[in-house]
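Here's what the structure looks like:
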């Protein structure tokens, strides 16, 4: 799937995380439920997605041949929106790299959006560039 804002605020921070990342759901419901949990929900207020160099395959190890220099850092109070805008980029880079689409392995983004955690439609996410070199 994708290890973006939703994944990184939840899965690496729980015990026995491997049970949430495999088939069939690739963390689909678990990620949403963890974010709704009162222990976490009120404490997470800002999400930062480092996309200076973005890797689109071969996780968890770094693989330069599956990476692009994107040169961006995204920040939002909405982790769903961050993942929603990054998913089309990842899919495009995978096409260019002759890799299959991520598809259902990123289903947790839509599930989180449907549950009310944030905006899962990238067309409805307003991007503002705040700094450019």
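Residue numbers (the working numbering): 4 to 136. A virtual CB, placed ideally from N, CA and C, is assigned to each residue, including glycine. Every value quoted in this text rests on a predicted model; they were computed, and no experiment measured them.
> Between 123, 13, 114, 57, which lies nearest to residue 42 when the distance is taken from Cα to Cα?
Replying inline: For the set 123, 13, 114, 57, the Cα lying nearest the Cα of residue 42 is the one of 13.
> Taking just the CA atoms, how far does residue 134 sit from residue 107?
Replying inline: For residue 107 and residue 134, the distance between alpha carbons rounds to 34 angstroms.
> Do the CB positions of residue 52 and residue 92 come within less than 8 angstroms of each other?
Replying inline: No. Outside cutoff.
> So is residue 76 buried or exposed if we call it buried at 16+ other beta carbons inside 10 Å?
Replying inline: Its Cβ having fewer than 16 others within 10 Å, residue 76 is exposed.
>> Can you tell me whether residue 121 is buried or exposed? The criterion is at least 16 other CB atoms within 10 Å of its CB, across all chains shown.
In response: When all chains shown are included, residue 121 counts as buried.
> To which residues of the same chain is residue 83 closer than 7 angstroms at the C-beta, ignoring the five residues directly before and after it?
Replying inline: Closer than 7 angstroms at the Cβ level, and outside the excluded window around residue 83, lie 9, 112, 115, 116, 120, 121, 122, 123.
>> Could you compute how far the alpha carbon of residue 35 sits from the alpha carbon of residue 110?
In response: Their Cα atoms are separated by approximately 11 angstroms.
> Among all the DSSP beta bridges, which residues are the ones paired with residue 75?
Replying inline: Note: residue 75 sits in a beta bridge opposite 54.
> What residues match up with residue 70 in a beta bridge as DSSP calls it?
Replying inline: In DSSP, residue 70 forms a bridge with 58.
> Are the CB atoms of residue 72 and residue 56 nearer to each other than 8 angstroms?
Replying inline: Between residue 72 and residue 56, the gap from beta carbon to beta carbon is short of 8 angstroms.
> So what does DSSP say about residue 134, is it helix, strand or coil?
Replying inline: The answer is coil: DSSP assigns residue 134 none of H, G, I, E or B.
>> Do residue 7 and residue 89 have their beta-carbon atoms positioned less than 8 angstroms apart in this structure?
In response: Their beta carbons are under 8 angstroms apart, which means residue 89 touches residue 7 by this criterion.
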